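Quick note on numbering: the numbering used here labels position 56 of the sequence shown as 57, and the sequence is numbered without any gaps.
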Amino acid sequence: MKKLTIAAALATATMLSSPALAADAGTVQVKLMATGVLPDGKIDKVNTDLIGLPAGSQSTANDNVVPTLAIDYYVSPAVSIETICCFTQHHVTGAGALAGADLAQHVLILPATVTLKYHLDAGPIKPYVGVGPSVFFYFSEKPGADAIALGAAKLKMDNKFGVAIQGGFDIPVNDTGMGISLDAKKYFMKTTTHFYTAGGVEALSTTHKLDPWVISGGVYFSF
2 MKKLTIAAAL ATATMLSSPA LAADAGTVQV KLMATGVLPD GKIDKVNTDL
52 IGLPAGSQST ANDNVVPTLA IDYYVSPAVS IETICCFTQH HVTGAGALAG
102 ADLAQHVLIL PATVTLKYHL DAGPIKPYVG VGPSVFFYFS EKPGADAIAL
152 GAAKLKMDNK FGVAIQGGFD IPVNDTGMGI SLDAKKYFMK TTTHFYTAGG
202 VEALSTTHKL DPWVISGGVY FSF
């Protein structure tokens with residue numbers, strides 16, 4: 002009995018210390034995540050100003066938490082391609098000389114992103130890094146109450162191309178392909194806003210530095 006106990010203990014220790022199997026080429030991982038979107042939103046450049054912005058005018062965008070779906074396709078055990086699907090909605094308020102001003106509402110963003118990821122084998126934890134292109138598509142943006150009071154009847158935000166860098170890790174929890182995933186992306190992204198009067202005149206145009214952090218956590222399933 003003593004020998005059996007020792008053998009069982011050694012076997013358990015071996016399983017705990019052994020690295021989890023890497024994903025095979027052709028494996029698809031589906032991740033269901035909760036995601037915090039933490040943008041900057043500050044004015045980087047004033048392009049057109051017919052309303053006379055006061056010196057020190059600035060802006061900021063609010064944070065948001067949304068559900069996201071990520072799909073990871075393994076080209077090899079160490080390399081995968083990931084794309085994500087989510088919508089996130091934000092509003093923009095004034096800062097500095099514009100502190101508290103309601104500038105933009107209902108800004109719905111689709112952050113179309115594809116990253117190439119490299120996975121490391123560090124035992125039961127699988128860290129990875131990635132990089133790839135992204136385009137932010139904007140929908141339903143509207144001028145805020147204070148922008149409307151200054152004569153803005155319409156707001157348009159330009160879809161822009163940017164880059165995302167990524168890091169995180171996957172933790173398998175069983176041998177059927179289920180696990181926990183934690184992920185962080187840093188986007189380098191700008192957009193240009195255009196405020197138009199009722200007559201169609203562009204009264205104000207500003208370029209904004211978004212550069213959001215996108216932090217996610219959730220579960221994945223491998224197929």
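By construction, the Cβ of each residue, glycine as well, lies at the ideal position given by its N, Cα and C atoms. In this text the structure is predicted, and so the values were computed from the model without any measurement.
Could you pull the start and end residues of the beta strand (DSSP E) that residue i belongs to?
i	result
Asp159	Note, Asp159: premise wrong, no beta strand (DSSP E); not H, not E.
Ile126	Premise fails: Ile126 is in no beta strand (DSSP E) and is neither H nor E.
Ala204	203 to 210
Asp184	179 to 189
Asp64	Per DSSP, Asp64 belongs to no beta strand (DSSP E) and is neither H nor E.
Ile216	214 to 223
Ile44	43 to 50
Ala35	29 to 39
Ala96	89 to 97
Any beta carbon of chain B sitting closer than 8 Å to that of residue i?
i	result
Lys46	Here chain B cannot be found, since the structure has a single protein chain.
Residue i: buried (16+ other C-beta within 10 angstroms of its C-beta) or exposed?
i	result
Leu22	With a pLDDT of only 48 at Leu22, under 50, the local geometry of the prediction cannot be trusted, and the value read off the model is given with reservation. By the 10 Å Cβ count, Leu22 comes out exposed.
Thr177	exposed
Tyr119	exposed
Phe137	buried
Pro112	buried
Gly201	exposed
Ser141	exposed
Pro241	Outside the modelled stretch of the chain, which goes from 2 to 224, sits residue 241, for which no answer is possible.
Ala123	exposed
Ala150	exposed
Lys157	exposed
Asp171	buried
Are the CB atoms of residue i and residue j nearer to each other than 8 Å?
i	j	result
Ser60	Gly95	yes
His1	Asn63	Coverage of the chain is limited to positions 2 through 224, which leaves residue 1 absent and any answer about it impossible.
Tyr221	Gly180	yes
Thr194	Lys161	no
What does the alpha-carbon distance come out to for the pair residue i and residue j?
i	j	result
Gly101	Ser223	46 Å
Tyr74	Pro134	17 Å
Ile110	Tyr139	5 Å
Leu121	Val115	19 Å
Ser182	Gly169	7 Å
Leu31	Tyr197	A small correction: the amino acid at residue 31 is Val; Leu does not occupy that position in the sequence shown. Distance between the alpha carbons of Val31 and Tyr197: 42 Å.
Val42	Asp212	According to the sequence provided, residue 42 is Gly. The question's Val does not apply to it. So the two alpha carbons sit approximately 8 Å from each other.
Ala71	Tyr129	15 Å
Val132	Val47	30 Å
Cys86	Val66	14 Å
Ile216	Asp184	6 Å
Gly219	Ala35	6 Å
Ala148	Leu104	5 Å
Asp159	Val80	33 Å
Thr89	His209	17 Å
Just to check my reading of the structure: residue i and residue j have Cβ atoms closer than 8 Å, yes? What is that Cβ distance to the nearest angstrom?
i	j	result
Ile52	Thr207	Ile52 to Thr207, Cβ: 11 Å. No contact.
Gly57	Gly97	4 Å
Pro125	Pro173	7 Å
Ala154	Lys186	Contact flag wrong, Cβ pair sits at about 35 Å.
Ile82	Leu117	6 Å
Val76	Ala26	6 Å
Thr49	Glu203	6 Å
Leu39	Trp214	4 Å
Counting along the chain, where does the alpha helix (DSSP H) carrying residue i start and finish?
i	result
Ala148	146 to 150
With a threshold of 7 Å, establish whether the CB of residue i neighbours any heavy atom of the ligand ATP.
i	result
Gln30	Ligands in the displayed structure: none, and consequently the ligand ATP is not present.
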